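Residue numbers (the numbering used here): -3 to 134.
Contents: one structure, followed by commentary.
Next up, the structure:
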C-alpha cells in the first residue's frame, strides 16, 4: 500500500504542475499580439493539457484504490471535504480545456488579469487539501 501512496503523491504533484502552469500560459496568450508567438504558446498549451490529462488518470485511479482499500471516507468529514475539492479541481481541469479551445478559435474575451486570478485557484485547492489530509480538522 505504501507504493500506491507514493505513486499517488507523485502523480498528484505532476498533475498539479500542469494545473499551475497552463493558466500562466493563458495569461501570456491573453496579452500576446504576435501571431507567431500566439501559435507557439498554443502549441505549448495543447501539449501541456494533453500531458496533464494523462497524469490525472493514474492520480485519480490510485486515489480511488486507496479510498477503497482504507475505507476512511465512510465516516471522515475531512475526507468528504477533500473529495469535494478534488471534484472541484477536476472541474477546473476541464474549464482549462474549454478555455484552451476558445484561445484556439480566437474567441477568448477574458483579460490577462482575469487569468492571473484564475491561476490562483489550484494553489488554494492544494492548500486546503493538504491541510485537510494532514490536520484532519473534523
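For glycine and all other residues, C-beta sits at the position ideal for the given N, C-alpha and C.
Since we're looking at a predicted model, the values are computed, not measured.
Answer yes or no: do residue 85 and residue 59 have a C-beta to C-beta separation smaller than 7 Å?
no
So, residue 8 versus residue 61, is the Cβ gap smaller than 7 Å?
no
Rounded to whole angstroms, what's the CA-CA distance from residue 42 to residue 110? Just pull it up for me.
20 Å
For the 8 Å Cβ check, are there 3 or more pairs between the segment 9 to 22 and the segment 45 to 58?
yes
Assign residue 133 to one of two classes, buried (16 or more other C-beta atoms within 10 Å of its C-beta) or exposed (fewer than that).
exposed
With a 10 Å radius around its C-beta and 16 neighbouring C-beta atoms as the bar for buried, classify residue 19 as buried or exposed.
buried
Coarse secondary structure for residue 133, derived from DSSP in three states
coil
Measuring CA to CA, which of -2, -3, 4, 25 is closest to residue 108?
25
Using the Cβ count rule (16 or more neighbours within 10 Å means buried), how would you classify residue 45?
buried
Give the DSSP-derived three-state secondary structure of residue 68 in the structure shown.
coil
Sorted by chain position, which residues of the same chain lie with C-beta nearer than 6 Å to residue 112's C-beta, five sequence neighbours on each side aside?
23
Verify whether the separation of the beta carbon atoms of residue 124 and residue 81 is less than 7 Å.
yes
Per-residue burial, residue 95 [other beta carbons within 10 Å of its own, 16 or more giving buried]
buried
Can you grab the Cα-Cα spacing for the pair residue 37 / residue 71, in whole Å?
45 Å
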